[in-house]
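Working notes, beginning with the structure itself.
Residue numbers (my numbering): 1304 to 1695.
So, in structure tokens, the structure goes:
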């Protein structure tokens, strides 16, 4: 983080204790009524000119609690876990967490690398069918990318769970997953991803005294990318002195080809007035964005926020290497939530919201100790909660 932004973040951290976060500027908590399904845009709307209220709401975020209702655990089953792409920590982390959860209940498990493309995801699902898996978990990918393989899994009697994904009925088609996970009570998938963009906007307004000149990085390969963008732009809409001064669309192919860094460098040259960058995937910083920002020699003048909050990105944030903040959530919790959803489907129980919430992390606030993964503040032991619900 830049010296200018560091100083402002430290001051805001000192102010947090005295802020009345119960006001309309606070993010909606999981156990509070969601009066507005846009969930969180009020934070940016009521921010002071310096963005103090918005910054406080970004740090507090929106966090739920893990399920507590008991569910039986069948013995000696096998779960096939479809990673969206093991080269990206945002895919490998929840996949490994689901495998850890399976081991905790004595299930066999296998992780298949979907290699960041629809053919890879489809092949992995078909491999799970061929392996006679009892459950197939698909990490973060929508039904529309592989309808045929999901139909084959259903015909084989396999329980399929979309973890952080959307079913085909979102496009008016027939649902093909046996079930999909839900993160927070009162928020559907779209609203939850909107919330990420809104929290990005709140943090940026706080860092720039409500004067955001944004270079927005977008992602259209997955539905959540436009949803983050919608939330980001909604969060900035009530800020008269905030504007988007440039847009750069990136894709999974750009990550695979190594083109991301050069594309961002070009976009920065085309947006000389930008003082902020919002990125929808933290993994992209490791794929060239961090180096491009540092090499631009504008890092000290840019407030840069991403999404997902992985340990490698927290290290970048702490050292000021091209990323200043992230809207963080626990991908490990997501993986365990997938297993809980599968158990409830097998027991003919409704899927319970997992409680996976969001908080902004920067170098001064919500940052875990060196080497430790992101943890909510206050910390939540979701693993123990799930094990208790599973009778383990």
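Each residue gets a CB set at the ideal place from its N, CA and C atoms; glycine is no exception. In this text, all values refer to a predicted model and were calculated from it rather than measured experimentally.
- Query: What is the DSSP secondary structure of residue 1664, reduced to helix, strand or coil?
  - Reply: Strand, per DSSP.
- Query: Just the Cα atoms here: how many angstroms apart are residue 1689 and residue 1639?
  - Reply: 8 Å
- Whole-Å CB distance - residue 1650 paired with residue 1478, under 8 Å assumed: So it is not a contact: roughly 19 Å between Cβ atoms.
- Message: Considering just the uninterrupted stretch of the alpha helix (DSSP H) at residue 1569, what are its terminal residues?
- Response: 1563 to 1573
- Query: Considering only C-alpha positions, which residue in the set 1634, 1672, 1553 is nearest to residue 1685?
  - Reply: 1634
- Query: Are residue 1485 and residue 1656 touching if we call contact CB-CB under 8 Å?
  - Reply: yes
- Message: Starting from residue 1613, trace the beta strand (DSSP E) in both directions and tell me its first and last residue.
- Response: Element bounds for residue 1613: n/a, residue is neither H nor E.
- Message: Going by beta-carbon coordinates alone, are residue 1542 and residue 1508 separated by less than 8 Å?
- Response: yes
- Message: Measuring straight from C-alpha to C-alpha, what distance separates residue 1546 and residue 1687?
- Response: 44 Å
- Message: Residues in the same chain with beta-carbon distance under 8 Å from residue 1587, minus the five sequence neighbours each way, listed in chain order, please.
- Response: 1520, 1553, 1558, 1563, 1609
- Query: Can the beta-carbon of residue 1419 be found closer than 8 Å to that of residue 1443?
  - Reply: With respect to the 8 Å criterion, residue 1419 and residue 1443 are not classified as neighbours on the basis of their beta carbons.
- Cβ pair residue 1523, residue 1549 closer than 8 Å: no
- Among 1445, 1447, 1414, which has the Cα closest to the Cα of residue 1431? 1414
- Message: Given this structure, state the Cα-to-Cα distance separating residue 1369 from residue 1363, to the nearest angstrom.
- Response: Straight-line measurement puts the Cα of residue 1363 at about 18 Å from the Cα of residue 1369.
- Check: residue 1435 C-beta below 7 Å from any heavy atom of the ligand ADP: Looking at this structure, you won't find the ligand ADP or any other ligand, since it has none at all.
- Start and end residues, alpha helix (DSSP H) containing residue 1381: Counting along the chain, residue 1381 falls outside any alpha helix (DSSP H), though it belongs to the beta strand (DSSP E) covering 1381 to 1386.
- Task: Closer than 6 Å by C-beta to residue 1336: which residues in its own chain qualify, once you throw out the five before and the five after it? Chain order, please.
- Result: Interpretation of residue 1336 is limited by its pLDDT of 35, a score under 50 that renders its predicted location unreliable; the figure taken from the coordinates is listed afterwards. When the five nearest sequence neighbours on each side are left out, no beta carbon in the same chain lies closer than 6 Å to the beta carbon of residue 1336.
- Item | Burial state of residue 1629, where buried means 16 or more other Cβ atoms lie within 10 Å | That one is buried.
- Message: I need the boundaries of the alpha helix (DSSP H) containing residue 1498, first residue and last residue.
- Response: 1492 to 1510
- Task: From the DSSP output, in three-state form, read off residue 1589 for me.
- Result: helix
- Anticipated Cβ contact below 8 Å, residue 1488 with residue 1367, distance rounded: That pair is a contact at about 6 Å.
- Ordered along the chain, which non-local residues of its own chain (more than five positions away) have a Cβ less than 6 Å from that of residue 1425? 1449, 1452
- Going by beta carbon distance, what residues of the same chain come within less than 7 Å of residue 1396, once the five residues before and after it are set aside? 1613, 1634, 1635
- Message: So residue 1665 and residue 1596 are supposed to be a Cβ contact under 8 Å. How far apart are they, rounded?
- Response: By a beta-carbon distance limit of 8 Å, residue 1665 does not contact residue 1596. Their separation comes to about 15 Å.
- Buried versus exposed, by CB contacts within 10 Å (16 or more), residue 1572: exposed
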